[in-house]
Amino acid sequence: MGAGHVTIEDVVDISRGRATPMIDTDEEVRSRIGRSAGMIQAAVDDGRVVYGVTTGYGASATFGVDTEIAHDMPLNLLRYHGCGTGEPFTYEQSAAIVAVRAASLARGYSGVRLELLERLCDLVRFGILPVIPQEGSVGASGDLTPLSYVAAVLVGEREVWRKGAQIPAAEALESFRLEPLSLRAKEGLAMMNGTSVMTALACSAWDRARRLARLACTATAMVSDVLGGEPGHFTDRIFELKPHAGQRAAARWIRETLGKESDEEAARVQDPYSIRCAPHVIGVLLDSLPFTRTLIETEVNGVNDNPLIDPDQGRYLHGGNFYGGHSCLATDTLKNVVSNIADLLDRQLNLLCNPATNHGLPANLVARTGYDRYAHHGFKAMEITASALTAEALKMAGPASVFSRSTESHNQDKVSLSTISAREALRILDLTETVAVVHLLGAVQAVDLRGAENVGEGSRA
Numbered sequence: 041m042g043a044g045h046v047t048i049e050d051v052v053d054i055s056r057g058r059a060t061p062m063i064d065t066d067e068e069v070r071s072r073i074g075r076s077a078g079m080i081q082a083a084v085d086d087g088r089v090v091y092g093v094t095t096g097y098g099a100s101a102t103f104g105v106d107t108e109i110a111h112d113m114p115l116n117l118l119r120y121h122g123c124g125t126g127e128p129f130t131y132e133q134s135a136a137i138v139a140v141r142a143a144s145l146a147r148g149y150s151g152v153r154l155e156l157l158e159r160l161c162d163l164v165r166f167g168i169l170p171v172i173p174q175e176g177s178v179g180a181s182g183d184l185t186p187l188s189y190v191a192a193v194l195v196g197e198r199e200v201w202r203k204g205a206q207i208p209a210a211e212a213l214e215s216f217r218l219e220p221l222s223l224r225a226k227e228g229l230a231m232m233n234g235t236s237v238m239t240a241l242a243c244s245a246w247d248r249a250r251r252l253a254r255l256a257c258t259a260t261a262m263v264s265d266v267l268g269g270e271p272g273h274f275t276d277r278i279f280e281l282k283p284h285a286g287q288r289a290a291a292r293w294i295r296e297t298l299g300k301e302s303d304e305e306a307a308r309v310q311d312p313y314s315i316r317c318a319p320h321v322i323g324v325l326l327d328s329l330p331f332t333r334t335l336i337e338t339e340v341n342g343v344n345d346n347p348l349i350d351p352d353q354g355r356y357l358h359g360g361n362f363y364g365g366h367s368c369l370a371t372d373t374l375k376n377v378v379s380n381i382a383d384l385l386d387r388q389l390n391l392l393c394n395p396a397t398n399h400g401l402p403a404n405l406v407a408r409t410g411y412d413r414y415a416h417h418g419f420k421a422m423e424i425t426a427s428a429l430t431a432e433a434l435k436m437a438g439p440a441s442v443f444s445r446s447t448e449s450h451n452q453d454k455v456s457l458s459t460i461s462a463r464e465a466l467r468i469l470d471l472t473e474t475v476a477v478v479h480l481l482g483a484v485q486a487v488d489l490r491g492a493e494n495v496g497e498g499s500r501a
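In our numbering, the protein residues as written are 41 to 501.
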């Protein structure tokens, strides 16, 4: 981190313990980090007006701060923001958050010391990760409240995850012989005034959405196969003539699972939309991935706090890079496309369970025969559960960004709500993945009822 490009996959690998972050050893990177930190000390020594260094925070920026107390401000900042609510983010999510914050700060335009950056990497490497409440961020100025929990751990305050338990941060640091840091001017603000929570969550959401698309194609192929559907719906020629890359890829994956492009014995000329148009629905998700990847990775690798400390030009830049609008666009988009997958799979499950549409399978996929079958209801309640989960996903699918509200004495009078969007995206993925599981259970039951000899190799597998 520092000069290279950090990808979504890098962040996911770090969160799952498959990789560890480290600060680039390139001399130019480390020189920039040192010079940027030096500019902060110079501003304090010279009494230069720099937001959050020699002024108050937020709407209190009009108040100057005496030089002798400038170094006390970071600790005060992180303490008064320790008011997050709700359940904590998971250990994996916390690892991603710390890594993404390090990626931005390591660019060398935030005025923090190399020692602080290396300590962030230590937290991930040693598995002592901040316990961060999920609620309390409006997505501008960045993720102030949740990131205060990362800053607090650096100074030995609050709690961390350690081997599945929550323990005091001071105790965890001591166990690895790590001294708590004393934050210098600007370092508390640099740690907190950025988009790293929303963006770390967006990385996870993107990765899960990508895998969900492939799973939805497999599920669609199984339903088409077991219902004797028309495989010609997925022939490549259709998608050559309206060449959206995502729907063409989805159709190809469905064809590969079916193992055929045509069937003269197909029961119908056309299947219901939830099968026939599945590549078009899944394709929207697939086509959103390159676009949202660009948004998310630009945020991961960008310098997203305020003020920016530019040692290359010797400038203190006051701006709004903490605003999470692009990250919010990414997760609002993922919410939309993923919830549509939930609806698609829910409708396909209905085709399997409904005797009017399942082409000879028993109602609700009940395996019993004879009069006894009427005492059993098979997948009836499973279908209801899938419908309930789908309804919840669809209800959450609207954009979060349009609910911006003025905050903090009207200083933060336009906010992104990106962290709320990211949390909702993950919830929609939880729901949709569960719908997919119920769907696949139904599809496997349908294959058993139809007889493995009557379906293709892809469905049997």
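Note that the Cβ used here is the ideal one computed from N, Cα and C, for glycine as well.
Remember, predicted model here, so these are calculated numbers, not experimental data.
In the DSSP assignment, Ala205 is bridged to Arg202.
As the crow flies, the alpha-carbon of Arg56 is around 6 angstroms from that of Glu132. In the three-state scheme derived from DSSP, where H, G and I count as helix and E and B as strand, Tyr411 is classed as helix. Counting along the chain, the unbroken alpha helix (DSSP H) around Ile322 starts and ends at Ala318 to Asn341. Under a 10 Å Cβ-count criterion, Pro319 is classified as buried, with 16 or more other Cβ atoms of the shown protein chains found around its own Cβ. Between Val140 and the set Asp350, Ala382 and Asp50, the nearest pair of CA atoms involves Asp50.
About 4 angstroms separates the Cβ atoms of Gly151 and Ile80, confirming a contact at the 8 angstroms cut-off.
Going by C-alpha positions, Gly234 is about 33 angstroms away from Gly286. In this structure, the beta-carbon distance from Ala242 to Ala462 falls below 8 angstroms.
A Cβ-Cβ distance of about 4 angstroms is found for the pair Ser458 and Met238, placing them in contact under the 8 angstroms criterion. Straight across, the Cα-Cα distance linking Val406 with Ala415 is about 10 angstroms.
When Ala210, Ile468, Met262 and Ser456 are compared, the shortest CA-CA separation from Gly360 is found for Ser456. Measuring C-alpha to C-alpha distances from Asp53 to each of Arg500, Ser134 and Ala77 identifies Ser134 as the nearest. The beta carbon of Ala256 is closer than 6 angstroms to those of Ile322 and Ile381 in its chain, skipping five residues each way along the sequence. Close CB contacts of Glu448 within its chain, under the 8 angstroms cut and outside five residues either way in sequence, are with Gly98 and Ala99 (chain order). Per DSSP, the beta-bridge partners of Arg355 are Asp350. CA-to-CA, the gap between Ile278 and Ile460 works out to about 39 angstroms. Between the beta-carbon of Asn341 and that of His45 there is about 6 angstroms, and that keeps the pair under the 8 angstroms contact cut.
Per DSSP, Thr239 is one residue of the alpha helix (DSSP H) stretching across Ser236 to Val266. For Thr130, there is no enclosing beta strand (DSSP E), as DSSP gives it neither H nor E. DSSP lists no beta-bridge partner residue for Pro186. Separation of the CB atoms of Pro61 and Cys161 is rounded to 5 angstroms, and the pair is thereby assigned contact status at 8 angstroms. Sixteen is the threshold: since fewer than 16 other Cβ atoms of the shown chains lie within 10 Å of the Cβ of Arg58, the residue is exposed. With 16 or more neighbouring CB atoms inside 10 Å of its own CB, Thr260 falls in the buried class.
Here Ile336 is buried: its Cβ has 16 or more other Cβ atoms, across all protein chains shown, within 10 Å. Excluding five sequence positions before and after Glu464, the CB atoms of its chain that fall closer than 8 angstroms to its own CB belong to Thr371, Lys375, Met436 and Ala440, given in chain order. Within the same chain, Cβ atoms closer than 6 angstroms to the Cβ of Ser188 are found at Leu118, His121, Gly122 and Met232, the five residues on either side in sequence being excluded. Each of Arg333, Phe362, Ala396 and Thr430 was checked against the Cα of Pro347, and the nearest Cα belongs to Phe362. Here Pro283 is exposed, its C-beta having fewer than 16 other C-beta atoms within 10 Å. Under the criterion of beta carbons closer than 8 angstroms, Gln206 and Val178 do not qualify as touching, at roughly 26 angstroms. Residue pairing of Thr125 in beta bridges, as defined by DSSP: Glu175.
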